Amino acid sequence: MENKTVVSAARLEELAGIVERLKVRISTAQADDRSVAGVVGELERTVWSMIVAPVAPYKHRVEIIASAFAGKLGKKIEVKCSGFDIDLQQDVLDALNVAFLHCIRNAVDHGIESPEERAESGKPEHGTISVGLSVGDGSLLARIGDDGRGVDAGRVAAKAVEKKLVSAEIAARMTDAEKIELVFRPGFSTSSAAGMVSGRGFGLDSVRAFFKKLGGDATACASDGGFTIELVAPLGAVGFCAVPEKSGDSTKWRRARGGDDSARAEYKLFRRLGPAWEAEGYPPGALACIGESDRPELLA
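Residue numbers (this note's numbering): 10 to 309.
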């Protein structure tokens with residue numbers, strides 16, 4: 010059996026900080042010791058590669074969660090994932106893991122209708138859950154949506170009042186968007202009784218708590234054609250296949266989009282240094298075009 014040692018993300022971040030200070034000392038030293046600088050560079054790459062891990066395996070987990078819950082409730086589900094071809098910090102992956110479980114559970118139990126209900130509404134028997142990940146402005150954006158019945162803002166507010174999570178007076182003054190946000194209150198559920206799967210464990214309140222702890226947030230929006238939860242988390246490092254683009258004398262990188270990009274793409278690890286991003290082997294500011302244009306198309 011292979012021997013493994015578990016190292017916390019905090020200790021890896023501390024080690025990365027030591028490497029940064031060592032780089033500064035070398036850069037300001039009188040002697041030009043290129044061999045030492047090379048060793049430090051190799052150590053630096055190793056440390057940062059340990060801080061991030063691939064998201065790709067979680068795609069299979071998403072599909073299993075949806076299939077398991079759908080089977081228990083007699084529903085038919087199709088899952089569409091995009092943007093999983095990136096590497097993220099472990100604390101962000103942990104938060105996503107919680108989000109996938111509870112958001113998909115809620116989508117299957119509360120959002121997606123039964124095949125009979127969908128047929129009566131003129132919808133395909135299979136409900137669709139879309140999960141998309143993108144990186145922009147130094148943060149991860151995750152969107153988990155379904156094409157189900159949506160959420161009635163008035164019903165959400167009424168349930169919150171019934172459960173004494175908010176007063177009737179305050180609920181009456183709320184906008185529909187504010188009422189929808191009540192789904193993140195601890196103890197909230199639109200079910201009159203605990204469902205087969207939604208009555209157990211933590212709910213959307215724990216999802217928001219995980220992302221708040223990272224310095225991010227969780228928000229929700231509903232429509233007649235579904236319900237979507239958006240999750241945001243700041244990133245210190247991210248890895249993905251990128252394409253180089255010349256900008257004057259400098260090289261910048263953007264996320265590969267397939268097609269003609271495939272031949273030029275190479276894996277790069279980007280890390281945040283203050284307000285700027287640095288790519289391995291390139292100066293700060295090497296990361297570009299990771300914004301709106303790189304967000305995946307979602308169904309909900």
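Backbone N, C-alpha and C define an ideal beta-carbon position, used for all residues, glycine too.
Quantities reported herein were computed from a predicted structural model and do not represent experimental measurements.
Limits of the unbroken beta strand (DSSP E) element including residue i
| i | result |
| --- | --- |
| V170 | Segment 162-171 is the alpha helix (DSSP H) holding V170; no beta strand (DSSP E) there. |
| E254 | 246-256 |
| K8 | The shown model of the chain, from 10 to 309, leaves out residue 8, and the question about it has no answer. |
Secondary structure of residue i, DSSP reduced to three states
| i | result |
| --- | --- |
| I121 | coil |
| R310 | The shown model of the chain, from 10 to 309, leaves out residue 310, and the question about it has no answer. |
| P66 | helix |
| D96 | strand |
| F219 | helix |
| L142 | strand |
| S58 | helix |
| R127 | helix |
| S76 | helix |
Buried versus exposed call for residue i [16 or more other C-beta atoms within 10 Å across all chains shown]
| i | result |
| --- | --- |
| I27 | exposed |
| Y67 | buried |
| T137 | buried |
| G69 | With the sequence shown as reference, residue 69 is identified as His, and Gly is not the correct amino acid for it. Label assigned to H69: exposed. |
| T237 | buried |
| S271 | exposed |
| K173 | exposed |
| N106 | exposed |
| L296 | Low confidence applies to L296: its pLDDT is 47, below 50, so where it sits in the model is not reliable, and the reading given next is rough at best. Buried, by the Cβ-count rule. |
| E23 | exposed |
| A229 | buried |
| I179 | exposed |
| A128 | exposed |
| G159 | buried |
| K188 | buried |
| D155 | buried |
| I113 | buried |
Sheet register partners of residue i (DSSP bridge)
| i | result |
| --- | --- |
| T137 | E87 |
| D2 | This structure leaves residue 2 out entirely; the chain is present only between 10 and 309. |
| E239 | R152, T228 |
| T184 | Its beta-bridge partners do not exist; DSSP assigns none. |
Backbone CA spacing between residue i and residue j [nearest angstrom]
| i | j | result |
| --- | --- | --- |
| V71 | C90 | 9 Å |
| D269 | G141 | 22 Å |
| D94 | F249 | 7 Å |
| K221 | L102 | 14 Å |
| G210 | F219 | Note that G210 scores 30 on pLDDT, short of 50, meaning its location in the model is unreliable; the coordinates nonetheless yield the value given after this. Distance between the alpha carbons of G210 and F219: 15 Å. |
| K261 | V144 | 16 Å |
| S76 | I86 | 7 Å |
| K168 | L191 | 9 Å |
| D258 | A274 | 20 Å |
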